[in-house]
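Scroll down for the structure; my scribbles are underneath it.
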Amino acid sequence: MKIETPKFSIIVPVYNVEKYLRKCIESLLRQGIGNVEILLVNDGSTDSSSEICQEYVDKYSNIKLLHQDNQGVCAARNNGIVHATGEWIVLVDADDYLLDNGLKAAFEAVCSPDSFDVIQYGSSYDFWPKRKLSSELVFKGSGHEYILKYGFVSFCWLCFYRREFLRTNGIRFHDHYIVGEDQLFVANVFLHNPRIAAVSTDLYRYVVHDDSATTKRDISHTRRCVDDYLLSYHDICMLAEELTVDNKVRTSVYKALNGKKCLVTVGCCQPNMTIICFVKFQKELDNTGFIR
Numbered sequence: 066m067k068i069e070t071p072k073f074s075i076i077v078p079v080y081n082v083e084k085y086l087r088k089c090i091e092s093l094l095r096q097g098i099g100n101v102e103i104l105l106v107n108d109g110s111t112d113s114s115s116e117i118c119q120e121y122v123d124k125y126s127n128i129k130l131l132h133q134d135n136q137g138v139c140a141a142r143n144n145g146i147v148h149a150t151g152e153w154i155v156l157v158d159a160d161d162y163l164l165d166n167g168l169k170a171a172f173e174a175v176c177s178p179d180s181f182d183v184i185q186y187g188s189s190y191d192f193w194p195k196r197k198l199s200s201e202l203v204f205k206g207s208g209h210e211y212i213l214k215y216g217f218v219s220f221c222w223l224c225f226y227r228r229e230f231l232r233t234n235g236i237r238f239h240d241h242y243i244v245g246e247d248q249l250f251v252a253n254v255f256l257h258n259p260r261i262a263a264v265s266t267d268l269y270r271y272v273v274h275d276d277s278a279t280t281k282r283d284i285s286h287t288r289r290c291v292d293d294y295l296l297s298y299h300d301i302c303m304l305a306e307e308l309t310v311d312n313k314v315r316t317s318v319y320k321a322l323n324g325k326k327c328l329v330t331v332g333c334c335q336p337n338m339t340i341i342c343f344v345k346f347q348k349e350l351d352n353t354g355f356i357r
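So my numbering is basically just the index in the sequence shown, starting at one, shifted up by 65.
Put into structure tokens, the structure is as follows:
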């Protein structure tokens with residue numbers, strides 16, 4: 066008997082998220098698409114996250130659990146990508162969730178999804194007012210055309226990725242970042258010039274809490290966040306030089322990064338930081354030489 070290839074592989078890195086994990090997994094089971102595999106990658110959790118994952122594995126045949134020593138979210142995502150068998154890769158953080166039937170709505174909004182390598186969709190913060198789920202095609206074209214028009218997407222969980230496209234181009238997450246890895250991954254995808262469709266479907270819900278990597282109040286952690294953002298910006302610029310001969314595309318990449326630098330500073334700098342630290346970090350962003 067031939068085993069049907071899953072349409073989607075949903076990859077969820079799991080690390081000490083017992084408070085949020087059930088809501089995330091339950092949302093993935095309500096996407097209106099039957100042929101889906103869910104890969105839960107336990108990244109050395111020390112709370113009850115692993116046991117919660119196992120409960121769902123025992124109950125649902127399409128849920129698989131992978132274990133690894135604690136290596137970080139990038140290594141967990143890469144592990145999931147290696148073991149995925151679906152046509153499309155979907156990345157979801159374990160403390161976030163998807164709206165009911167969101168994947169189905171986004172996928173069906175694209176008339177011929179097999180003609181594309183990336184499908185981009187929308188997201189909202191969990192605390193924002195809920196809106197009715199609707200879908201329409203708002204862009205189709207190449208990755209470079211998308212960059213020229215919009216810049217690039219900052220978060221890896223805002224797209225479906227054709228697994229074969231990632232494999233053919235050797236695209237993986239860099240595992241030495243604690244933040245900034247998302248935009249480097251997505252920039253790498255878009256600079257490889259995939260066929261992209263963007264839909265208005267607002268299906269992803271981002272949950273803000275004190276345990277997330279970008280909301281910790283520790284000054285040394287903040288220092289590391291800023292350093293990682295700077296390094297990821299540098300890597301993106303190097304990718305633009307390597308993969309693009311069109312100066313307009315390169316310029317659009319630089320402008321997109323320049324537009325993000327204030328958001329990075331505000332997002333990383335916390336209330337317990339001094340004005341001197343805030344100004345210092347802003348200056349470092351200004352003085353990198355590759356963001357002007």
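In this text, a Cβ means the ideal position worked out from N, Cα and C, and glycines have one as well.
Just so we're clear, the structure is a prediction, and the values are computed from it rather than from any experiment.
With contact defined as three or more Cβ pairs closer than 8 Å, the stretch 146-164 and the stretch 225-239 are in contact.
Residue burial is scored here from C-beta neighbours: N135 has fewer than 16 other C-beta atoms within 10 angstroms and is therefore classed as exposed. By the criterion of a C-beta distance shorter than 6 Å, V82 is surrounded in its chain by S114, A159 and D160, once the five residues flanking it on both sides are discounted.
Between N258 and H209, the C-beta spacing is below 9 Å.
Closest by C-alpha distance to V244, out of R315, Y294, G97 and W153, is Y294. Y271 and D191 do touch by the CB rule: their CB atoms are close to 6 Å apart, below 8 Å. When DSSP assignments are scanned along the stretch 213-285, the uninterrupted stretches of alpha helix (DSSP H) that are 4 or more residues long and fall wholly within it turn out to be 228-233 and 246-256. For V183, same chain residues with a beta-carbon under 8 Å away, outside a window of 5 residues either side, are G208, C224, F225, Y226, R227, F230, V254, F255, P259, R260, I261 and A262 in chain order.
Bounds of the beta strand (DSSP E) holding E102 are V101 to D108. L94 is the residue among S177, S219, L94 and L202 whose C-alpha sits nearest the C-alpha of S126.
Secondary structure of S200 (DSSP, three-state): coil. Between G151 and D108, the beta carbon gap of about 21 Å keeps them out of contact (Cβ cut-off 8 Å). Shortest Cα-Cα distance from L304 to any of S219, D292 and V318 involves V318. If one requires a minimum length of 3 residues, the beta strand (DSSP E) runs lying completely within the stretch 138-175 are 153-156, in chain order. Taking V79 as the centre and dropping the five residues before and after it, the same chain places the C-beta of L86, L105, V106, N107, D108, S110, S114, C118 and A159 closer than 7 Å to its C-beta, in chain order. Counting only the Cα atoms, S285 lies some 44 Å from P178. Taking 9 Å as the cut-off, the Cβ atoms of F220 and S188 count as close. Taking C-alpha positions only, S200 is separated from V314 by approximately 28 Å.
C-alpha of V310 to C-alpha of T316: approximately 11 Å in a straight line. Excluding its 5 nearest sequence neighbours in each direction, K129 has C-beta neighbours in its own chain below 6 Å: L104, listed in chain order.
Taking C-alpha positions only, N166 is separated from D292 by approximately 38 Å.
Sequence-distant Cβ neighbours of P71 in its own chain, meaning closer than 8 Å and more than five residues away, are N100, V101, E102, N127, T150, G151 and E152. Inter-residue distance for R237 and V218 is about 16 Å (C-alpha atoms, whole angstroms). Closest by C-alpha distance to K84, out of H274, I98 and K214, is H274. Ranking D300, E307 and V157 by CA distance to the CA of L322 puts D300 first. In the structure shown, the three-state DSSP call for V314 is helix.
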